[in-house]
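Visitor: Residue numbers (this note's numbering): 152 to 388.
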Amino acid sequence: MAQMRLDKFLADMGIATRKELKQIIKSGRVCINGAAVTQPEMKLDAEKSAVTLDGRALNYTRYHYYMMDKPAGILSVTEDKKQETVLSLVTPEMRRMGLFPVGRLDKDTSGLLLLTDDGDFAHRVISPKSGVQKLYYARVDGKLDDADIAAFAEGIVLKDGTRCLPAKLELTGENECLVTVMEGKYHQVRRMLASRGAPVIELRRLSIGALKLDESLGAGGFRELDQTEIQLVYIAT
Ligand code: URA
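(1) Give the DSSP-derived three-state secondary structure of S261 in the structure shown.
(2) Tell me whether R341, by its Cβ, gets closer than 7 Å to a heavy atom of the ligand URA.
(3) Roughly how many angstroms separate the alpha carbons of I389 and M155, rounded to a whole number?
(4) When you compare each of L309, D299, I300, A273 to Y216 by their alpha carbons, which one comes out closest?
(5) Identify, in the order they occur along the chain, each residue of the same chain with its Cβ nearer than 8 Å to the Cβ of S358, setting aside the five sequence neighbours on each side.
(6) Taking just the CA atoms, how far does L320 sit from P279?
(7) Would you say G372 faces chain C, with C-beta separation under 8 Å as the test?
(8) Span of the beta strand (DSSP E) holding I307?
(9) If we call anything under 8 Å between Cβ atoms a contact, is L209 one with M248?
(10) Can you tell me whether E375 is helix, strand or coil according to DSSP?
(11) Just grab the DSSP bridge partners of D358 for me.
(12) Within 7 Å: the Cβ of D257 and any heavy atom of the ligand URA?
(13) Is the Cβ-Cβ distance between Y211 and F160 less than 8 Å?
(14) Going by beta-carbon coordinates alone, are L266 and M219 separated by less than 8 Å?
(15) Is it a yes or a no for the region 219 to 230 touching the region 242 to 259, going by three-plus beta-carbon pairs under 8 Å?
(16) Quick test of your reading: L256 and K294, contact by CB under 8 Å. State the CB separation rounded to the nearest angstrom.
(17) When you compare only the Cα positions, how much space is there between L309 and M343?
(18) At the level of alpha carbons, what is the spacing between G224 and A153?
(19) Below 8 Å on the Cβ atoms is my guess for V291 versus V340; work out the distance and round it to an integer in Å.
(20) If you check the beta carbons only, do R374 and T260 fall under 8 Å apart?
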């Protein structure tokens, strides 16, 4: 890996603000290969150099990937002047990494939300061209039947005339279903079901590709994903 500055190495990892980092480095708390370093501009090899902060080893990762069980009632944006956002639920260290939500879940939708600082990854997950499947559980007010399954498979035309890509509808109970879509138009699943006379009462995203929501996280819980889990996103189920 190319050489990089020590302050960038630490900033990419969300260790502290740029200003704090300067102080931390100047006070000799950071060592490279066992020797204390006090210059923020010192160059190192992020893969080969052994970097410690207060004796704790720091393993460099340029990009970060988290899953969250987004609670209903919270906005999936990075900032809002009035309302709570998913970024207010994470640690200050994660906020400093510059994480953002991969696509949006409506305020009232809960479930699997990915957070990352990797723009290319986010684009690939969101773009309909990538064909990444998003699976939702919906509780609806209305009855769905085989004609609705066929209409979803054909491609629903929303009330405003927008045509959706073919999607999968599975009926799982009296007023419950699973919907798989490969795109993310505004309020898409709600609008698709409403167009079939079954407005959504509850909506929860369960998986993205073969990556399933870790239900043990609980509402508002989050955890980092490893490389194997990240690749699951691209696997069709
Ligand atoms: N479709 C919706 O209608 N809402 C979401 O939050 C996600 C998909």
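All C-beta atoms in this analysis are idealised placements derived from N, C-alpha and C, irrespective of residue type, glycine included.
Given the structure is predicted, the values throughout are model-derived calculations rather than measurements.
Guide: Taking the geometry as given:
(1) It is a strand residue.
(2) At least one heavy atom of the ligand URA is nearer than 7 Å to the Cβ of R341, so yes.
(3) Limits of the chain in this structure are 152 at one end and 388 at the other, which puts residue 389 out of reach.
(4) Nearest option by C-alpha distance: A273.
(5) Contacts found: L263, Q284, K285, L286, L364, T388.
(6) One C-alpha to the other measures close to 18 Å.
(7) No chain C appears in the structure shown, which is made up of a single protein chain.
(8) First-last for I307: undefined, no H or E at that position.
(9) For L209 and M248, no; Cβs fall outside 8 Å.
(10) Collapsing the DSSP output to three states places E375 in a strand.
(11) Asp is not the amino acid found at residue 358; the sequence shown has Ser there. Beta-bridge pairing by DSSP links S358 to L286, K363.
(12) Result yes, Cβ under 7 Å from the ligand URA.
(13) Cβ distance < 8 Å, so Y211 and F160 count as in contact.
(14) It is a contact, given that the beta carbons lie within the stated cut-off.
(15) Contact holds: three or more Cβ-Cβ distances are below 8 Å.
(16) The Cβ separation is near 26 Å, so there is no contact.
(17) So the two alpha carbons sit approximately 6 Å from each other.
(18) Computed Cα separation, rounded: 44 Å.
(19) Actually they are not in contact, since the Cβ atoms of V291 and V340 sit about 10 Å apart, beyond 8 Å.
(20) Judged by their CB atoms, R374 and T260 are not nearer to each other than the 8 Å cut-off.
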